[in-house]
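One structure is given below, encoded as structure tokens.
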């Protein structure tokens, strides 16, 4: 298991790398008609703010959410990025099951192996990624949760997931959050709920809380 988790961490480092690759990927709003089974596909799910505010309007304390730069940075890292800007308030459970899960299934149906697919979500998007992991039934699917396990005022939604869904998760999950985050924290309770889930967690020391994921960062 230790060797497997080291492999998972190495995969996550690759997924989140901002270094310039030999060839860049592209950004798609949905699964492309033609896929390369040898490519790495990243389904990126952003947080809640763009559902209520335009990208040009800065958060009162966090500044501009640089969505376009984030997805472009992932593509520059060699990934085929699938992401859409949600501009209406979204039910996370419904969206995960009817949109994101279907994208995972479509990639696999087109010949992309599950271990070449990563579902990565920030904040509300992180919760969506967890929900996908309860439904996909793919032991090699990669899940990256960025500040998506709530605490404080956001703890209730996370506790509901823990009580009703976490035991159904499968796949390989990496949890990432900043040590100064007041709204999100450890996902270890999720990792302990399912024997079918390989779990790894990294605590960042950027010191920016949720702001950490508002812009591309090498951390």
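Numbering (this note's numbering), first residue to last: 19 to 237. Even for Gly, the Cβ is constructed at its ideal location relative to N, Cα and C. Bear in mind that the values here come from a model prediction, so they are computed numbers and not experimental data.
In the DSSP assignment, find the beta strand (DSSP E) that holds residue i and state where it starts and stops.
| i | result |
| --- | --- |
| residue 161 | 160-164 |
| residue 189 | 189-196 |
Quick one: give me the first and last residue of the alpha helix (DSSP H) that residue i is part of.
| i | result |
| --- | --- |
| residue 82 | No alpha helix (DSSP H) holds residue 82; DSSP gives it neither H nor E. |
| residue 221 | Unbroken run through residue 221 is the beta strand (DSSP E), 215-222; no alpha helix (DSSP H). |
| residue 70 | 67-70 |
| residue 177 | 173-182 |
| residue 51 | No alpha helix (DSSP H) holds residue 51; DSSP gives it neither H nor E. |
| residue 209 | 206-209 |
Can you find the residues in the same chain that come closer than 6 Å, C-beta to C-beta, to residue i, ignoring five residues on each side of it along the sequence?
| i | result |
| --- | --- |
| residue 128 | 53 |
| residue 220 | 194 |
| residue 97 | 43, 58 and 60 |
| residue 217 | 191 and 209 |
| residue 182 | none |
| residue 207 | 180 |
| residue 104 | 69 |
Starting from residue i, follow its DSSP beta bridges and name the residues at the other end.
| i | result |
| --- | --- |
| residue 127 | None; residue 127 has no bridge partner. |
| residue 140 | 164 |
| residue 106 | According to DSSP, which records beta bridges pairwise, residue 106 is partnered with nothing at all. |
| residue 63 | 139 |
| residue 77 | 81 |
Output needed for residue i: all residues of its chain with C-beta closer than 8 Å, excluding positions within five of it in sequence on either side, in chain order.
| i | result |
| --- | --- |
| residue 93 | 42, 43, 44, 45 and 99 |
| residue 74 | 82 |
On the premise that residue j lies in contact with residue i, defined as a C-beta separation below 8 Å, what is that separation, rounded to the nearest angstrom?
| i | j | result |
| --- | --- | --- |
| residue 145 | residue 110 | 5 Å |
| residue 227 | residue 140 | That belief does not hold up - the Cβ atoms of residue 227 and residue 140 are roughly 12 Å apart, past 8 Å. |
| residue 148 | residue 166 | 7 Å |
| residue 212 | residue 186 | 7 Å |
| residue 69 | residue 106 | 6 Å |
| residue 130 | residue 150 | About 15 Å separates the two Cβ atoms, so there is no contact after all. |
Leaving out five residues on either side along the sequence, give the residues of the same chain with a beta carbon under 7 Å from the beta carbon of residue i.
| i | result |
| --- | --- |
| residue 142 | 65, 66 and 110 |
- Would you check if the segment 47-56 and the segment 192-204 touch, i.e. whether three or more CB-CB distances between them fall below 8 Å? Verdict: no, contact absent.
- Query: Between the segment 73-83 and the segment 154-165, are three or more C-beta pairs nearer than 8 Å?
  - Reply: Taking a cut-off of 8 Å on C-beta distances, the segment 73-83 does not touch the segment 154-165, as fewer than three cross pairs fall below it.
- Message: For the pair the segment 114-121 and the segment 162-181, tell me if three or more CB-CB distances fall below 8 Å.
- Response: Between the segment 114-121 and the segment 162-181 there are fewer than three C-beta pairs closer than 8 Å, too few to call the two in contact.
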